[in-house]
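Under the numbering used here, the residues of the sequence shown are numbered 2 to 446, in order.
Don't be surprised by glycine CBs; every beta carbon is placed ideally from N, CA and C.
Owing to the predicted nature of the structure, the values given are computational and were not obtained by experimental measurement.
Inspection log for the structure reproduced underneath, given as C-alpha cells.
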Amino acid sequence: MSHASEPQPLTARRSGPLTGRARVPGDKSISQRALILGAMAVGETRITGLLEGEDVINTSRVMQALGATVERTGEGAWSIRGVGVGGFAEPAGALYFGNSGTGCRLMMGAVAGCPITAVFDGDASLRTRPMRRILDPLEKIGARTTEQAEGGRLPVTLQGARDPLPIEYEAPVPSAQLKSAVLLAGLAAPGATTVIENEATRDHTEKMLKHFGASVRVTHIGEHGRRITLEGQPELEAAAVVVPADPSSAAFPLIGALIVPGSEIVLEGVMLNPLRTGLFTTLKEMGASIEMLEQRNEGGEDVADLRIRAGALKGVDVPAERAPTMIDEYPILAVAAAFAEGVTRMRGLKELRVKESDRLEATAAMLRGNGVEVEIEGDDLIVRGKGAVAGGGVVATHMDHRIAMSALVMGLGSEQGVSVDDAAFIATSFPGFADLMRSLGADYS
Ligand code: S3P
2 MSHASEPQPL TARRSGPLTG RARVPGDKSI SQRALILGAM AVGETRITGL
52 LEGEDVINTS RVMQALGATV ERTGEGAWSI RGVGVGGFAE PAGALYFGNS
102 GTGCRLMMGA VAGCPITAVF DGDASLRTRP MRRILDPLEK IGARTTEQAE
152 GGRLPVTLQG ARDPLPIEYE APVPSAQLKS AVLLAGLAAP GATTVIENEA
202 TRDHTEKMLK HFGASVRVTH IGEHGRRITL EGQPELEAAA VVVPADPSSA
252 AFPLIGALIV PGSEIVLEGV MLNPLRTGLF TTLKEMGASI EMLEQRNEGG
302 EDVADLRIRA GALKGVDVPA ERAPTMIDEY PILAVAAAFA EGVTRMRGLK
352 ELRVKESDRL EATAAMLRGN GVEVEIEGDD LIVRGKGAVA GGGVVATHMD
402 HRIAMSALVM GLGSEQGVSV DDAAFIATSF PGFADLMRSL GADYS
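Right, here's the structure in full:
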C-alpha cells in the first residue's frame with residue numbers, strides 16, 4: 002500500500018468538550034510481532050484485536066511472500082500458518098514495508114537466519130531511515146548485505162546466513178527494533194544469542210518468544226539495563242495472541258480530552274506495559290486527571306480503562322532515562338506542554354531524529370507555526386507553555402502519522418484551529434482516527 006495518491010489535507014477546529022467512550026485500535030508493536038512469530042511457528046496462530054493499519058497489512062503481505070499462509074477471518078481476527086524457524090521461502094519480488102521501520106527491521110532479523118536472499122524496500126520516508134544499526138549485528142551472525150543505498154539505506158538486499166552464529170551483542174542505541182532483529186536472527190542459530198541493552202526498551206519480542214515456546218532469560222543490569230538471552234533453534238509452536246489497545250494511539254484522544262475544557266472520556270482496554278507508560282507518568286506529574294479503572298490482564302499484558310478529565314496542566318522536566326518508555330509520545334506530549342503553564346523540558350531526544358520524520362524538528366515546527374514558543378537545545382526540546390495555543394497554522398507532516406495526529410489534537414483546543422497538509426499517513430497506525438475523534442466531539446473537516 003502506498004501514498005502515491007493525492008495528499009489529504011484536514012483541519013481541526015476549536016471544539017466543544019470531548020465526551021464518551023472509545024477503544025483505540027490494537028497495539029502496533031504486538032500486532033507486528035504476532036504476524037512475524039506466527040509465520041515462524043509451526044501450526045495455526047490465531048490473532049484477535051490485530052491492528053489493521055497499513056504498516057501491519059504490509060507485514061502480513063511480506064509473510065505471505067515468504068511462504069506463510071495468512072487469512073483474515075473477521076474484524077481484527079487473523080489466522081497464520083507458519084513455516085517454522087529457518088523455513089522462509091525465497092520471495093519472488095522485493096519485500097515492501099511501506100512506512101514501517103518495525104516491520105522492515107524485525108524482518109531483516111528474521112530473514113538473516115534463513116538461507117535465502119531478499120530485497121527490503123519501503124516508501125520515501127522509510128528509505129531515509131538508518132538500517133546500518135540493524136545490518137551490523139546481522140552481518141556478525143553471518144548474513145551479508147549485497148546491495149544497499151548510500152549510508153546503508155533501503156533498498157537493501159540481504160543474503161541470509163546458511164549457518165547462523167549465536168552472538169552476544171551490546172546495543173549502541175536504545176532500540177526495541179534492533180534488539181528484536183538480533184533475537185529473531187538468533188532463533189536459527191545453535192546456542193545462546195544475547196542482547197545487552199543499557200536502557201530497557203519495550204519487551205514485546207521477549208514476551209512473545211516465550212509465549213510461542215522459546216527459552217528466554219532476562220536479567221537486570223544496573224538501574225535501567227537488561228541482558229536478554231535466547232536459546233537458539235527452538236520449536237516455535239503456534240499460540241493464540243490477544244492484542245490490547247495501543248497506548249501510543251490512546252495518547253491522542255487522551256491529550257485531546259486533557260486540553261479541551263469540560264472534557265471527560267473513557268478509553269477502554271489500554272495496555273499498561275511498564276515499558277510503554279512513560280507518557281502517563283509524565284502527564285500525572287503535570288497534574289493531569291487520569292484514572293485507571295477495571296485494571297485486568299489481557300493476553301499477558303496489564304490493561305485498564307482510562308478515565309480522563311480536562312484540567313490545568315503545569316510544565317515539567319522529563320528525564321532522558323524515561324525516553325525509551327515513551328519514545329513515540331513526544332510530539333503529542335509537546336502539545337500538552339503547549340497548553341500547560343510553564344516550561345516543559347524533554348531531555349535526551351536524539352532518537353527522535355530518525356523516526357518516520359526528523360520528529361524533533363517536525364514537532365518544533367508544528368508548535369512554532371501555531372504560535373507556541375519552542376526551542377531545541379542539543380537533544381532537548383523545550384516548550385514554553387502559556388495555557389493556550391493560538392493555532393492558525395498549516396502543519397507539514399513529512400509522511401509522519403504521529404505529527405499529523407498531534408497537530409489535529411492541538412487544533413481542538415486552539416483558538417483558530419490547526420490544519421495538516423496530509424492526513425493520509427495516519428492510516429499506517431490508527432485507521433479510523435478522525436471518525437473516532439469525531440465520535441467524541443472533535444470538529445474535523
Ligand atoms: C518499536 C520500537 C520503537 C518505536 C516504534 C515501534 C517496536 O522504535 O519508535 O514505533 O515495535 O519495536 P526504535 O526501536 O527505533 O526505538
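Check whether the Cβ atoms of residue i and residue j sit closer than 8 Å, and answer yes or no.
i, j, result
"Ala42", "Glu238", "yes"
"Asp124", "Asn100", "yes"
"Gln178", "Thr74", "no"
"Asp436", "Pro8", "no"
"Thr202", "Ser176", "yes"
"Gly83", "Gly110", "no"
"Ile377", "Ala365", "yes"
"Arg34", "Thr206", "yes"
"Phe340", "Val395", "no"
"Ser216", "Glu232", "yes"
"Thr147", "Glu140", "no"
"Thr429", "Asp28", "no"
Measure the C-alpha to C-alpha separation of residue i and residue j and round it to an integer number of angstroms.
i, j, result
"Ser358", "Met406", "14 Å"
"Glu265", "Ile229", "41 Å"
"Met2", "Asn59", "A caution first: Met2 carries a pLDDT of 43, below 50, which makes its placement in the model too unreliable to give a value."
"Ile48", "Pro332", "30 Å"
"Gly412", "Ile404", "12 Å"
"Ala424", "Val261", "21 Å"
"Arg385", "Glu352", "22 Å"
"Ala90", "Phe281", "43 Å"
"Ile427", "Gly21", "22 Å"
"Phe253", "Ala408", "10 Å"
"Cys1", "Gln65", "Not covered by the structure: residue 1. The range shown for the chain is 2 to 446."
"Glu362", "Glu286", "25 Å"
"Ala241", "Leu273", "20 Å"
"Ala321", "Glu200", "10 Å"
"Arg360", "Gly379", "14 Å"
"Leu314", "Asn371", "19 Å"
"Met327", "Asp137", "26 Å"
"Val196", "Leu184", "7 Å"
"Val120", "Val71", "21 Å"
"Gly214", "Ala246", "24 Å"
"Ala45", "Gly85", "Correcting the residue identity first, residue 45 is Glu in this sequence and not Ala. Near 11 Å, if we compare the C-alpha coordinates of Gly85 and Glu45."
"His212", "Ala186", "18 Å"
"Tyr97", "Gly153", "17 Å"
"Ser126", "His402", "11 Å"
Among the residues of its own chain, which have a CB less than 8 Å from the CB of residue i, if the five just before and after it don't count?
i, result
"Val355", "Arg130, Pro131"
"Ala466", "Since the first residue shown for the chain is 2 and the last is 446, residue 466 is missing from the structure and cannot be characterised."
"Arg128", "Asp122, Ala150, Arg154, Leu155, Pro156"
Which same chain residues, not among the five before or five after residue i, have their C-beta less than 7 Å away from its C-beta?
i, result
"Pro432", "Pro26, Glu53, Gly54"
"Ala337", "Ile256, Leu259, Ile260, Leu284, Met287, Leu314"
By Cβ distance, which residues of its chain are closer than 6 Å to residue i, with the 5 residues on each side in sequence left out?
i, result
"Gln296", "Ala305"
"Glu76", "none"
"Pro165", "Gly114, Ile142, Gly143, Ala189, Ala190"
"Gly94", "none"
"Gly388", "Glu342"
"Glu292", "Arg308"
"Ile383", "Arg346, Glu376"
"Met209", "Arg34, Leu38"
"Arg133", "Gly153"
Give a yes or no on whether the minimum CB-CB distance between residue i and chain D is below 8 Å.
i, result
"Arg14", "This model lacks chain D altogether, as it is built from one protein chain only."
Cβ contact check for the region 218-235 and the region 267-278: 3 or more pairs under 8 Å:
When Cβ pairs closer than 8 Å are counted between the two stretches, the region 218-235 is seen not to touch the region 267-278, the count staying below three.
Counting beta carbon pairs with one atom in the region 13-28 and one in the region 410-425, are three or more of them shorter than 8 Å?
yes
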